[in-house]
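The C-terminal residue of the sequence shown carries number 429 in my numbering, and the numbering is unbroken. The beta-carbon is built from N, C-alpha and C at its ideal position, and this holds for glycine as well. Everything on this sheet refers to the single structure shown next.
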Amino acid sequence: MASAVHQNCHRLLTLLLRPLRAPAPHPRVSFSPRPAGVRSFFPAPGCRLGTDAVALAEPELVPPEEEDDGTRFVVVTFYKFLPLEDPRAEVASHLHFLQGRDIHGRIYLNEQGINAQYSGPRKDAAAYADWVKKDHRFCDMLVQTSPALAGHAFPRLKLRYKPSLVQLEGGSLHLPLLDPSMRAMPLTPSKWKERLEARACLDVSSSEMSGRKLLLLDVRNDYEWDVGHFEGAQRPNVDCFRSTSFGLSGEVSDPLNGVDKEKTDILMYCTGGIRCDVYSTILREKGFQNLYTLEGGVSNYLKAEGPAGWVGNLFVFDGRLSLPPATFRRTAACWPSSPSEEEERRWVGRCYACGSEVVELRHRNCANIDCNRLYMSCGWCAEELAGCCCSDCKAAPRLRPLLPGHQRYLKWHVYRDGLLTPAATDADC
1 MASAVHQNCH RLLTLLLRPL RAPAPHPRVS FSPRPAGVRS FFPAPGCRLG TDAVALAEPE
61 LVPPEEEDDG TRFVVVTFYK FLPLEDPRAE VASHLHFLQG RDIHGRIYLN EQGINAQYSG
121 PRKDAAAYAD WVKKDHRFCD MLVQTSPALA GHAFPRLKLR YKPSLVQLEG GSLHLPLLDP
181 SMRAMPLTPS KWKERLEARA CLDVSSSEMS GRKLLLLDVR NDYEWDVGHF EGAQRPNVDC
241 FRSTSFGLSG EVSDPLNGVD KEKTDILMYC TGGIRCDVYS TILREKGFQN LYTLEGGVSN
301 YLKAEGPAGW VGNLFVFDGR LSLPPATFRR TAACWPSSPS EEEERRWVGR CYACGSEVVE
361 LRHRNCANID CNRLYMSCGW CAEELAGCCC SDCKAAPRLR PLLPGHQRYL KWHVYRDGLL
421 TPAATDADC
């Protein structure tokens, strides 16, 4: 343990002594930004240093051989498209099974299947996944597990019928999700890695002669890309999946605008795979023929292949927000994973307000209720802008308090309706 702490301290010291680079000017800034050349090692108010010091900042991950008796908290995710004749009856059955079990999260069912992300003690979390898979309809479903690190990753359990398994404009019930031929062809993590390596070594002249192209498409949101992404993937120009319009907008910034639908191989990826499966049916209906998706998403890839071709952390939609690739490695040979200095140098985030480098790849919501933007901020700008993403929001009439550390805001209507007292803010957020 002492050796591990010494190594982590050495890594952190190495990071701190790197040559400083001046932050890029940012059009959103109308206040006096941090002094030029100061790197963003200022943490958010009251928080710890970020992912480069993750071994010091987070509870230590436990190797498989040292796992406990089932009380350690984990996060479990799975989804499957299949026809459910009576999804509301399925919801009742799932609720009945979970009675007396400590499960928090989002579990949605409808006529097209199930989508689940939840946390709980390993014993309860595994029991629910095993119960679902005992149904022959779900027996081949991929179930992914990762450490929760600090108790529940979700505030409560939401298990209900939902017309759309993902947040998509117009819903998803009209899409041919139940037809596997309409969805992208899944690639195992090893096959995906081979495609990435082939793309990196692709000879431009031979590509032009054959007429085939390969395009890497990040089917997530801009703030997810900011935390981490595959090398060569263009930053999405959306902040919500329901607004995704790849191949539909005709805008110059659309990476699918003008591509040959028959001779372009499109490699799609997202966190766990479901968004790619859904969106690939939209692209298929628009005539795109060569669609491929990363089976199990980035989380499955990091578990199987490590961070090869990946830069940064992985954004997740739960209380953990940002996870280093080492979180997903489960074999003793690579647990815990200690990235080399070269790997650590490859990617840092940027403060949304001033553009300076941010060591802590973790987001916060804008304090302006009417904005609520999810963005990365250095501690300097968080203090200067009172928790807002820009000067305009700081001057807005409806502001929430600046929360210290990694605290999260409650639902926006609580602040809008004046239901929260300052004392409650300190106690409950």
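**Request:** For alanine 153, I'd like the list of residues in its chain whose CB is within less than 7 angstroms of its CB, leaving aside the five on either flank, ordered along the chain.
**Result:** For the purposes of this step, residue 153 is taken as residue 153 along the sequence shown, with counting starting at 1. Excluding sequence positions up to five before and after alanine 153, its CB lies within less than 7 angstroms of the CB of Val75, Ser119, Asp318, Gly319 and Arg320, all in the same chain and listed in chain order.
**Item:** Beta-carbon proximity list for glutamine 449, same chain, < 8 angstroms, skipping 5 on both sides
**Value:** Nothing can be reported for residue 449: it is not among the residues displayed for the chain, which extend from 1 to 429.
**Prompt:** Taking only runs of the beta strand (DSSP E) that begin and end inside the stretch 177 to 237, which ones reach a length of at least 3 residues, in chain order?
**Reply:** If one requires a minimum length of 3 residues, the beta strand (DSSP E) runs lying completely within the stretch 177 to 237 are 185 to 187, 213 to 218 and 228 to 230, in chain order.
**Prompt:** Going by the CB atoms, is the gap between proline 236 and arginine 212 shorter than 9 angstroms?
**Reply:** Here the question's residue 212 lines up with position 212 in the sequence shown. Here the question's residue 236 lines up with position 236 in the sequence shown. No, Cβ-Cβ distance for arginine 212 and proline 236 is not below 9 angstroms.
**Residue span of the alpha helix (DSSP H) that contains asparagine 110, given as start and end** = Within the sequence shown, numbered from 1, the residue matching residue 110 stands at position 110. First-last for asparagine 110: 104 to 110, but that is the beta strand (DSSP E), not the alpha helix (DSSP H).
**Beta-carbon proximity of alanine 125 to phenylalanine 73, cut-off 9 angstroms** = Working through the sequence shown from its first residue, we reach residue 125 at position 125. Working through the sequence shown from its first residue, we reach residue 73 at position 73. Remark: C-beta atoms of alanine 125 and phenylalanine 73 approach each other more closely than 9 angstroms.
**Item:** Classification of leucine 95 by the beta-carbon crowding that lies within 10 angstroms, buried from 16 upward
**Value:** Position 95 of the sequence shown, counting from 1, holds the residue named residue 95. Classification of leucine 95: exposed, given that the 10 Å Cβ count is below 16.
**Asked** Within this structure, are the beta carbons of threonine 281 and proline 176 separated by less than 9 angstroms?
**Response** Mapped onto the sequence shown, residue 281 falls at position 281. Mapped onto the sequence shown, residue 176 falls at position 176. For threonine 281 and proline 176, yes; Cβs fall inside 9 angstroms.
**Prompt:** From glycine 105 to leucine 159, what does the alpha carbon distance come to, in whole angstroms?
**Reply:** For the purposes of this step, residue 105 is taken as residue 105 along the sequence shown, with counting starting at 1. For the purposes of this step, residue 159 is taken as residue 159 along the sequence shown, with counting starting at 1. The alpha-carbon atoms of glycine 105 and leucine 159 are separated by roughly 8 angstroms.
**Request:** Assign serine 164 to one of three DSSP states: helix, strand, or coil.
**Result:** For the purposes of this step, residue 164 is taken as the residue at position 164 of the sequence shown. Serine 164: coil per DSSP, three-state reduction.
**Asked** Given 8 angstroms as the limit, is there contact between the stretch 195 to 202 and the stretch 165 to 184, that is, 3 or more CB pairs closer than that?
**Response** The stretch 195 to 202, when compared against the stretch 165 to 184, does not touch it at the 8 angstroms Cβ threshold.
**Euclidean distance between Cα positions of aspartate 265 and leucine 216** = Walking along the sequence shown from the start, residue 265 turns up at place 265. Walking along the sequence shown from the start, residue 216 turns up at place 216. Roughly 9 angstroms between the two C-alpha positions.
**Request:** Please state whether DSSP places proline 64 in a helix, a strand or coil.
**Result:** Numbered from 1 along the sequence shown, position 64 holds the residue referred to as residue 64. Low local confidence applies: a pLDDT of 46 at proline 64 is under 50, so the model's placement there is unreliable, with the coordinate-based value given in what follows. Looking at proline 64 - three-state DSSP - the assignment turns out to be helix.
**Request:** Please determine, among Gly247, Met268 and Leu267, the residue with the shortest C-alpha to C-alpha distance to glycine 258.
**Result:** What you label residue 258 is simply residue 258 of the sequence shown in a count that begins at 1. The option with the nearest alpha carbon to glycine 258 is Gly247.
**Prompt:** Roughly how many whole angstroms lie between the Cα atoms of leucine 385 and leucine 109?
**Reply:** Here the question's residue 385 lines up with position 385 in the sequence shown. Here the question's residue 109 lines up with position 109 in the sequence shown. Going by the C-alpha atoms only, they are around 41 angstroms apart.
**Asked** If we call anything under 9 angstroms between Cβ atoms a contact, is phenylalanine 328 one with serine 146?
**Response** Locating residue 328 in the sequence shown gives position 328, counting from the first residue. Locating residue 146 in the sequence shown gives position 146, counting from the first residue. Cβ atoms of phenylalanine 328 and serine 146: closer than 9 angstroms.
**Message:** Which residue marks the beginning of the alpha helix (DSSP H) containing phenylalanine 97, and which one marks its end?
**Reply:** On the sequence shown, residue 97 is found 97 positions in, with the first residue counted as 1. Run containing phenylalanine 97: 87 to 98, per the alpha helix (DSSP H) assignment.
**Message:** Is the beta carbon of valine 311 closer than 9 angstroms to that of glutamate 231?
**Reply:** Stepping through the sequence shown from its first residue, residue 231 is reached at position 231. Stepping through the sequence shown from its first residue, residue 311 is reached at position 311. Closer than 9 angstroms, so yes.
**Message:** Mapping the DSSP letters down to three states, classify valine 5 as helix, strand or coil.
**Reply:** Translated into positions along the sequence shown, residue 5 becomes position 5. In this prediction, valine 5 scores a pLDDT of 45, lower than 50, which makes its location untrustworthy; no coordinate-derived value is stated.
**Request:** Let me know the secondary structure DSSP gives leucine 283 once reduced to three states.
**Result:** The residue you call residue 283 lines up with position 283 of the sequence shown. Look at leucine 283 here: in three-state DSSP terms it is helix.
**Request:** Using DSSP bridges, identify the partner residues of tyrosine 375.
**Result:** The count along the sequence shown starts at 1 and reaches residue 375 at position 375. In DSSP, tyrosine 375 forms a bridge with Arg364.
**Prompt:** Would you say asparagine 368 and arginine 400 are within 9 angstroms of each other, going by their C-beta atoms?
**Reply:** Within the sequence shown, residue 368 is the residue found at index 368, counting from 1. Within the sequence shown, residue 400 is the residue found at index 400, counting from 1. A distance below 9 angstroms separates the beta carbons of asparagine 368 and arginine 400.
**Request:** Starting from glycine 120, follow the alpha helix (DSSP H) in both directions and report where the run begins and ends.
**Result:** Along the sequence shown, one-based indexing puts residue 120 at 120. Careful: glycine 120 lies outside any alpha helix (DSSP H), inside the beta strand (DSSP E) at 113 to 121.
**Request:** Within its chain, find whatever has a CB closer than 6 angstroms to the CB of tyrosine 292; leave out the 5 residues flanking it on each side and keep chain order.
**Result:** Against the sequence shown, residue 292 aligns to sequence position 292. Excluding sequence neighbours, tyrosine 292 sits near Ala184, Met185, Leu187 and Leu267.
**Message:** Relative to the C-alpha of leucine 289, which candidate in Leu256, Leu314, Gly306 and Ile274 has its C-alpha closest?
**Reply:** Translated into the one-based positions of the sequence shown, residue 289 becomes position 289. Checking the sequence shown, residue 289 turns out to be glutamine, not leucine. Looking at the Cα atoms, Leu256 is the closest of the given residues.
**Prompt:** Which two residues bound the contiguous beta strand (DSSP E) that contains glycine 494?
**Reply:** One cannot answer for residue 494 here, as it falls past the ends of the chain, which runs 1 to 429.
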